[in-house]
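Here's the structure, in structure tokens; my notes come after.
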Amino acid sequence: MSAVEVLVVGAGPTGLAMAGQLAASGVRVRVVDRSLDRVHESRALAVQPRTLEVLANLGVTDEMVAVGNRAVRLCLHARGRARTVPLFDLGLSGTAYPYLLFLSQAETERILGEHLAAVGLDIERGVELAGLDRGGDGAVATLHHGDGRAERVAARYVVGCDGAHSAVRHLAGIGFEGAAYPQTFVLADLEAEGLDTGAAHVFLSERGMLFLFPLGHPATWRLLVMRPPAEVVSPGAPVTLDEVQALADTYTGATVRLRDPVWMTNFRLHHRAATHYRAGPVFLAGDAAHIHSPAGAQGMNTGIQDAVNLGWKLAQVLRGDANSTLLDTYETERAPVGRMVLRFSDRAFTVATSTNPAVRFARTRIAPALIPVVLASRLVRASAFRTVSQLGISYRNSALSVQGPHPSRTGPRPGDRLPDAPLPGGGDASTLHRLTSTPGWHLLLCGPSAAWPAGDTARLARHRLTVHRLTEPGAAAAASTSAAQALRRLGLGAGVNGVFLVRPDGHIGYRAGGTDLTGLLAYLDRWLGP
């Protein structure tokens, strides 16, 4: 029997991100997938800013941005008229990625897979999970290899990233509650003539919506359209280009010609959630834990951030840097996010597909006139973008989020994501996010450095964390301005001291004002141990 610290089942974006996080922390991990190859279709095609942030720590974001497409305009078509509105030209502060990146899942998986290969981690394909026995010290998985060989693997932890039909979830006895939507959809990667290539296109009609997203690879366009309710088609049934063209004609008035399909499929959408994200040493992440409509481009992004949240906690426990109770916070933090995404995507899906006369009227008459007016406001666009970008996801109600004494009235609170900001000096640590990008906990001691008690700061050495001092240097005006901007982003003014403990996933665990480190040391003793 072989042994491993973590067995990751499923090599989609969630599983690959999970493996990357674990490998970066020195965890012995295996990744298995029953498919013989990665996907070559687009499938998930939008990467949110928060996902680009968390994947930057693996060193893959720059390549994703280089090969992806930053769509900045939305073109609404209704009743023979087209209106184009800007979407992501917002110049949002606090992130290095103030845009939605269109990138096919095929490319995302390629980039993540190449990263794992570069760090010496092979993806074991053609390997299926056939059995799972849980015990007090871990789990024993039975794997069936493509050559007929069976293998027993002892793992401290098993993470199911194996999608909606998760074998891990089934074998762990975890429920999956929800239902399927009644509609059947067609999805296709193809070429299209008659469209402005610099925009995402939405055709509004009484029967629903047709979407054409700029993709680039493996085809120029991704098409998504709902079949008429009277058409009963089995998911996965063959689709012809003539069928897709006929559907498109009803929405576009035959103004768009389709050709050269790379991939086409019929499919049904579900909205389901796992009753639990954990069963002893077994965890679920991504589509194995929650599935929903693609509205808002939340699915793959939520899965990758599940992986990031769980990955650092598993690494901390396995390295002996934290008590195993840390793992209890995974479900309490991520399950509410999964439920929120389900509610958001369900409401958006209902608006897009409802046959209710009032909704149809609003979709075809009111929305085309109202949306350009509303989105003309940068403030409105910024607020809407933050909702879907996942930059605003917070864990304020988590046991890991603790407010210390004398906190600032402004700035990020415990559980919030640490905002990005430039820092003086340039180099690899030229922003807050780059400063805190290495694996592990980071402590920001902000304000005049002479105010920190030497004895208290010395006691920090017994915990495994990286300490940074953020002060306002007075020698260089540019440096002073840069430092002041970072401190203001944290809610601190000139001459004011503050403490921010940043978790390995970039969220704030502990915050306090002043220079008293008593509460911080108690927090570290509880969660990190001596």
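The letter at position 94 of the sequence shown is residue 94 when you use full-length UniProt numbering, and the numbering goes up by one with no holes.
For glycine and all other residues, C-beta sits at the position ideal for the given N, C-alpha and C.
C-beta atoms of residue i and residue j nearer than 7 angstroms
| i | j | result |
| --- | --- | --- |
| I291 | H270 | yes |
| T95 | D416 | no |
| G411 | A512 | no |
| N266 | A237 | yes |
| A156 | G178 | Contrary to the premise, residue 156 reads as Arg rather than Ala in this sequence. No. |
| L318 | V27 | yes |
| Q21 | V308 | yes |
| L100 | A46 | yes |
| V402 | Y330 | no |
| L310 | A273 | no |
| G447 | V496 | yes |
| V159 | F283 | yes |
| N301 | T51 | yes |
| E128 | R34 | yes |
| D189 | P218 | yes |
| L395 | H507 | The displayed chain sequence assigns Tyr, not Leu, to residue 395. Yes. Within cutoff. |
| L215 | S345 | no |
| R459 | L521 | yes |
| A150 | R73 | no |
| S437 | N57 | yes |
| T252 | F213 | no |
| residue 550 | S25 | Residue numbering for the chain in the displayed model covers 1 to 530; residue 550 lies beyond these limits and cannot be assessed. |
Where the beta strand (DSSP E) containing residue i begins and where it ends
| i | result |
| --- | --- |
| D33 | 29 to 33 |
| A200 | 200 to 205 |
| L171 | It is not in any beta strand (DSSP E) - L171 instead sits in the alpha helix (DSSP H) that spans 167 to 172. |
| T466 | 465 to 470 |
| T518 | Where T518 is concerned, there is no enclosing beta strand (DSSP E), although the alpha helix (DSSP H) it sits in stretches over 518 to 527. |
| I123 | 123 to 125 |
| P182 | 176 to 193 |
| R222 | 221 to 226 |
| G208 | 208 to 214 |
| V502 | 498 to 502 |
| G5 | In the sequence on display, residue 5 carries Glu and not Gly. Here the beta strand (DSSP E) through E5 covers 2 to 9. |
| T142 | 138 to 145 |
| L284 | 282 to 284 |
| H442 | 441 to 446 |
Residue i burial status per 10 Å Cβ neighbour count (16 or more: buried)
| i | result |
| --- | --- |
| V8 | buried |
| A3 | exposed |
| R222 | buried |
| A476 | With a pLDDT of 42 at A476, under the threshold of 50, the modelled position of that residue is not reliable, and the figure given next carries that caveat. Exposed, by the Cβ-count rule. |
| R347 | exposed |
| P228 | exposed |
| P182 | exposed |
| G208 | buried |
| S389 | buried |
| V256 | buried |
| D242 | exposed |
| E53 | buried |
| R169 | buried |
| G136 | exposed |
| N397 | exposed |
| A478 | Any reading at A478 must be qualified, since the residue scores a pLDDT of 41, below 50, and its modelled position is unreliable; the value itself is stated next. It is exposed - the Cβ of A478 has fewer than 16 other Cβ atoms within 10 Å. |
| A192 | buried |
| G474 | At G474 the pLDDT is 49, less than 50, meaning the model places this residue with poor confidence and gives no usable figure here. |
| A66 | exposed |
| L36 | exposed |
Terminal residues of the alpha helix (DSSP H) in which residue i lies
| i | result |
| --- | --- |
| G160 | Per DSSP, G160 belongs to no alpha helix (DSSP H); it is in the beta strand (DSSP E), 150 to 160. |
| H115 | 105 to 118 |
| D260 | Run containing D260: none in the alpha helix (DSSP H); it sits in the beta strand (DSSP E), 257 to 274. |
| M18 | 13 to 24 |
| L242 | Here residue 242 turns out to be Asp, not Leu, going by the sequence shown. It spans 241 to 252 - the alpha helix (DSSP H) in which D242 sits, taken as one unbroken run. |
| I304 | 299 to 318 |
| A512 | No alpha helix (DSSP H) holds A512; the beta strand (DSSP E) holding it covers 508 to 513. |
| T457 | 454 to 459 |
| L435 | 432 to 435 |
Distance cut-off 6 angstroms: residue i Cβ against heavy atoms of the ligand GTP
| i | result |
| --- | --- |
| A484 | With respect to the ligand GTP, the structure offers nothing, as it holds no ligand at all. |
Decide if the stretch 331 to 340 is in contact with the stretch 127 to 144; the criterion is three or more beta carbon pairs, one per stretch, under 8 angstroms apart.
Contact between the stretch 331 to 340 and the stretch 127 to 144 is absent, because fewer than three Cβ pairs lie under 8 angstroms.
Under 8 angstroms, with one C-beta from each stretch per pair, do the stretch 6 to 20 and the stretch 96 to 110 reach the 3-pair mark?
Yes, since at least three Cβ pairs between the stretch 6 to 20 and the stretch 96 to 110 fall closer than 8 angstroms, the two stretches touch.
Enumerated in chain order, which unbroken segments of the alpha helix (DSSP H) with a length of 4 residues or greater are wholly contained in the stretch 38 to 102?
The qualifying runs are 49 to 56, 61 to 67.
Is it a yes or a no for the stretch 233 to 241 touching the stretch 160 to 179, going by three-plus beta-carbon pairs under 8 angstroms?
Cβ pair count under 8 angstroms is below three, so no.
Just checking, does the stretch 429 to 444 make contact with the stretch 456 to 468 on the three C-beta pairs under 8 angstroms criterion?
Note that the stretch 429 to 444 touches the stretch 456 to 468; at least 3 beta-carbon pairs, one per stretch, sit closer than 8 angstroms.
Inter-stretch contact (C-beta, 8 angstroms, three-pair minimum) for the stretch 118 to 133 and the stretch 77 to 85
Judged by Cβ distances under 8 angstroms, the stretch 118 to 133 makes no contact with the stretch 77 to 85, as fewer than three pairs qualify.
Is the stretch 277 to 294 close to the stretch 250 to 266, with three or more CB pairs under 8 angstroms?
By the Cβ rule, the stretch 277 to 294 does not count as touching the stretch 250 to 266, because fewer than three pairs are nearer than 8 angstroms.
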